[in-house]
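Per our numbering, residue 21 is the first one in the sequence shown, and the count goes up by one each step. Notes follow the structure.
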Amino acid sequence: MDGNKKINGRNRRVIIDTLGLIWGVVVHAANLADGTMAQRVVDPRLGYLDRMKKILADEAYEKVFREWVTQNMLGVELEITANPPQSKGFVPVKWRWKWAGICPV
Numbered sequence: 021m022d023g024n025k026k027i028n029g030r031n032r033r034v035i036i037d038t039l040g041l042i043w044g045v046v047v048h049a050a051n052l053a054d055g056t057m058a059q060r061v062v063d064p065r066l067g068y069l070d071r072m073k074k075i076l077a078d079e080a081y082e083k084v085f086r087e088w089v090t091q092n093m094l095g096v097e098l099e100i101t102a103n104p105p106q107s108k109g110f111v112p113v114k115w116r117w118k119w120a121g122i123c124p125v
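In C-alpha cells:
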C-alpha cells in the first residue's frame with residue numbers, strides 16, 4: 021500500500037533533482053521489484069541526464085539498480101542512504117525526504 025496516497029497495490033518511482041524539479045514519474049503495481057522499476061524510470065531519460073554525477077537512493081536499490089547504473093551510467097555514483105543501525109521506527113535520513121515538501125507527486 022502506498023501510505024501517502026492510500027492506494028492499495030501501487031508504488032511510485034520519482035526522479036527529482038536537488039532543486040525539487042521532477043525529471044520522471046512512473047506509477048506501477050506494488051509487486052514489481054524496486055531496482056527493476058528504477059531502471060524503467062531512468063533509462064528513457066539517459067540522454068537528458070548527461071550532467072548527473074550522483075544518484076541518491078535508499079536500500080531497496082542496492083543490488084539490481086546498482087549493477088544497472090554501473091553498466092549504463094559511467095561516471096555516475098549511486099549513494100545508498102540507510103537508517104542508522106541502532107535506530108527504531110521512522111528516522112529521516114539525509115536527502116531522502118527533502119523532496120516531499122517540495123514535490124506535489
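Cβ atoms here follow ideal geometry from the backbone N, Cα and C, with glycine treated the same way.
DSSP places E79 within a helical segment (H, G or I) once states are collapsed to three. Excluding the 5 residues flanking it on each side, V61 has same chain C-beta neighbours closer than 6 angstroms at R33, I35, G44 and V46, in chain order. The three-state reading of DSSP puts L41 in coil, since its state is none of H, G, I, E or B. Ranking G67, P64 and N31 by CA distance to the CA of D54 puts N31 first. With 16 or more neighbouring CB atoms inside 10 Å of its own CB, A58 falls in the buried class.
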